[in-house]
Amino acid sequence: MTFPIDRARADTPGVDHVAHCNNAGAALPPNVVTETVVEHLRLESRIGGYEAAADTADAHEAVYRSIAALIGAEAVEIALVENATRAWDMAVYGFPFSTGDRVITARAEYASNAIALLQLRQRHDLEIVLVDDDEHGQIDLDALDAELARGAAMVALTHVPTGGGLVNPAAEVGARCREAGVCFVLDACQSAGQLPLDVDRLQCDVLSATGRKFLRGPRGTGFLYVRDEWIGRLEPPLLDLHAAEWTSATTFRIRDDARRFEGWEASRAGQLGLGAAVDYAMDVGVDAGWARLHTLAERLRRQLTDLDGVSVHDKGAVRGGIVTFAVDGHDSVAVKEQLRAARVNTSTTTPSHGHLDGRALPALVRASVHYYNTEDELDRLVDVIVGLTGRS
Ligand SMILES: Cc1ncc(COP(=O)(O)O)c(C=O)c1O
475 MTFPIDRARA
485 DTPGVDHVAH
495 CNNAGAALPP
505 NVVTETVVEH
515 LRLESRIGGY
525 EAAADTADAH
535 EAVYRSIAAL
545 IGAEAVEIAL
555 VENATRAWDM
565 AVYGFPFSTG
575 DRVITARAEY
585 ASNAIALLQL
595 RQRHDLEIVL
605 VDDDEHGQID
615 LDALDAELAR
625 GAAMVALTHV
635 PTGGGLVNPA
645 AEVGARCREA
655 GVCFVLDACQ
665 SAGQLPLDVD
675 RLQCDVLSAT
685 GRKFLRGPRG
695 TGFLYVRDEW
705 IGRLEPPLLD
715 LHAAEWTSAT
725 TFRIRDDARR
735 FEGWEASRAG
745 QLGLGAAVDY
755 AMDVGVDAGW
765 ARLHTLAERL
775 RRQLTDLDGV
785 SVHDKGAVRG
795 GIVTFAVDGH
805 DSVAVKEQLR
815 AARVNTSTTT
825 PSHGHLDGRA
835 LPALVRASVH
845 YYNTEDELDR
855 LVDVIVGLTG
865 RS
């Protein structure tokens with residue numbers, strides 16, 4: 475079946491202005507997302523914020539069900555939070571670590587998660603174990619087996635890193651964690667909306683995601699999934715009167731569902747917009763979107779690899795929509811600006827965010843494609859790079 479690219483682009487007004495290859499930063503939203511957000515803000519301005527929340531309570535409840543459907547979970551296992559980092563933090567800082575526990579992670583771990591683990595190491599004298607890459611540049615599953623055999627409290631894995639095309643074999647990791655009885659925390663920030671996610675297939679106990687990237691939702695939105703059996707075992711590091719009930723002057727009771735990881739105040743407009751983005755993603759079909767963006771990204775990698783003076787740096791046996799490259803003799807930030815001037819949006823990687831990466835790479839240009847991109851747009855990107863290499 476051919477991908478409904480005309481519909482996807484007709485639904486995305488941004489494509490008339492820019493070739494947007496910064497979807498790993500924040501994707502262009504479809505109309506329905508923008509309209510949902512703006513409509514709710516207008517309702518708030520007409521009748522009041524609390525009244526608007528009351529009148530849209532059913533739609534708000536439906537957001538939990540939509541997210542649950544997207545990842546094969548139950549609505550009670552979903553919390554709506556501001557972003558992927560806060561989602562991950564609420565679960566991991568809430569983990570009942572014992573002194574000296576081992577936490578296993580891998581080279582692709584996101585910088586904020588790595589910083590949090592270092593802080594938790596100070597608090598609990600944790601041993602942070604780094605599993606090396608295999609020959610494909612993904613987490614080495616044999617090395618993981620060996621580390622799990624030594625015992626661990628948690629495995630924290632980033633599914634798709636911020637700085638490259640790698641798709642880590644999360645389901646293989648999940649199966650090993652399940653077998654070993656170890657909590658598996660999956661950072662799905664870059665994979666949510668990019669590729670199909672099913673928490674039972676992945677066998678993850680915690681999954682964190684953001685709204686604005688491949689899901690095409692509003693900024694300032696994200697969600698946390700916690701497997702039912704783990705909800706009661708993770709005590710939120712922060713509580714308020716939404717996450718807990720003040721039962722007497724001296725007592726409180728934490729909620730039983732995943733909303734214990736939420737705070738009371740949030741952007742209702744943003745959350746409804748996130749729901750619209752998730753519904754849209756499921757309507758387009760995450761499988762179909764993944765097939766298309768995967769093909770586009772491989773095409774772009776081939777085009778760039780074929781250019782003299784350009785190096786492509788994506789690792790992995792399976793590679794997704796994030797394409798990273800450097801142009802000899804050109805600073806990547808300057809390349810990004812040149813592309814921006816040609817109305818092609820990209821971004822750059824930050825070397826200091828990749829201390830675990832092990833490759834000591836300079837800043838790279840990051841072109842992250844979505845299903846709504848076209849071959850013509852990618853050719854425009856490549857033309858700019860050809861122009862630069864011709865001049866270097
Ligand atoms: C892999 C990964 N995890 C987590 C995050 C943090 O997401 P957020 O900015 O929504 O907190 C990012 C952001 O780029 C990311 O790429």
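475 is the number of the first residue of the sequence shown in the numbering used here; add one for each residue after it. Ideal Cβ positions, reconstructed from N, Cα and C, are used throughout, including at glycine.
Where residue i falls, given that 16 or more other Cβ within 10 Å makes a residue buried
i	result
S806	buried
R840	buried
E736	buried
I545	buried
P487	exposed
Y524	exposed
I796	buried
H491	exposed
I479	exposed
A493	buried
M564	buried
G790	buried
T824	exposed
T822	buried
S540	buried
I613	buried
A620	exposed
R481	exposed
A834	exposed
T530	buried
D575	buried
Whole-angstrom C-beta distance between residue j and residue i, which should lie under 8 Å
i	j	result
T820	N496	6 Å
P643	L615	7 Å
E551	R701	6 Å
A751	G691	3 Å
A585	V566	Actually they are not in contact, since the Cβ atoms of A585 and V566 sit about 14 Å apart, beyond 8 Å.
V537	G749	3 Å
T579	I602	7 Å
A553	F697	7 Å
M634	G828	Note that residue 634 corresponds to Val in the displayed sequence, not to Met. Not quite, the Cβ-Cβ distance comes to about 14 Å (not below 8 Å), so this is no contact.
N587	D679	Wrong, their Cβ atoms sit about 15 Å apart, outside the cutoff.
V801	V792	Actually they are not in contact, since the Cβ atoms of V801 and V792 sit about 26 Å apart, beyond 8 Å.
A533	L746	6 Å
I728	E709	7 Å
A645	R675	5 Å
Rounded C-alpha distance that separates residue i from residue j
i	j	result
V843	F688	9 Å
P431	A683	Limits of the chain in this structure are 475 at one end and 866 at the other, which puts residue 431 out of reach.
E583	L631	6 Å
E653	A547	20 Å
V511	E739	16 Å
D831	I705	32 Å
D607	A527	47 Å
R776	S665	22 Å
V577	V858	44 Å
G625	P836	36 Å
P670	T725	42 Å
G694	E556	5 Å
V656	G648	9 Å
W720	L713	11 Å
M756	G803	43 Å
V673	G864	47 Å
A771	N847	10 Å
S866	L852	A caution first: S866 carries a pLDDT of 49, below 50, which makes its placement in the model unreliable, though a value can still be read off. About 21 Å.
G861	L515	45 Å
D788	G638	5 Å
A500	S722	44 Å
L767	H716	39 Å
L813	A623	48 Å
L604	G568	22 Å
V818	L640	23 Å
D599	F571	10 Å
A732	G783	50 Å
Y454	G759	Given that the chain is displayed from residue 475 to residue 866, the structure contains no residue 454 and the question cannot be resolved.
G667	E518	29 Å
E849	T476	15 Å
V786	P711	41 Å
T636	G685	15 Å
Residue i Cβ short of 8 Å to ligand 2 heavy atom set
i	result
S586	With respect to ligand 2, the structure shown offers nothing to examine, as its ligands consist of ligand 1.
For ligand 1, residues whose Cβ lies under 5 Å from any non-hydrogen atom
N557, A558, T559, Y584, T632, T636, D661, C663, Q664 and T684
Contiguous alpha helix (DSSP H) assignments of at least 4 residues, all confined to the region 526-551
531-545
Identify every run of the beta strand (DSSP E) within the region 610-692, keeping only runs that are complete inside it and at least 3 residues long; order them along the chain.
628-632, 657-661 and 680-684
Which runs of the beta strand (DSSP E) spanning at least 3 residues fall entirely within the region 762-809, listed in chain order?
784-786 and 796-801
Mind pulling the alpha helix (DSSP H) runs of 4 or more residues that sit fully within the region 569-601?
585-598
Only counting runs of 3 or more residues, tell me where the beta strand (DSSP E) segments fall wholly within the region 706-763, in order along the chain.
718-722 and 725-728
At 3 residues or longer, and completely inside the region 833-858: list those beta strand (DSSP E) runs for me, N to C.
839-842
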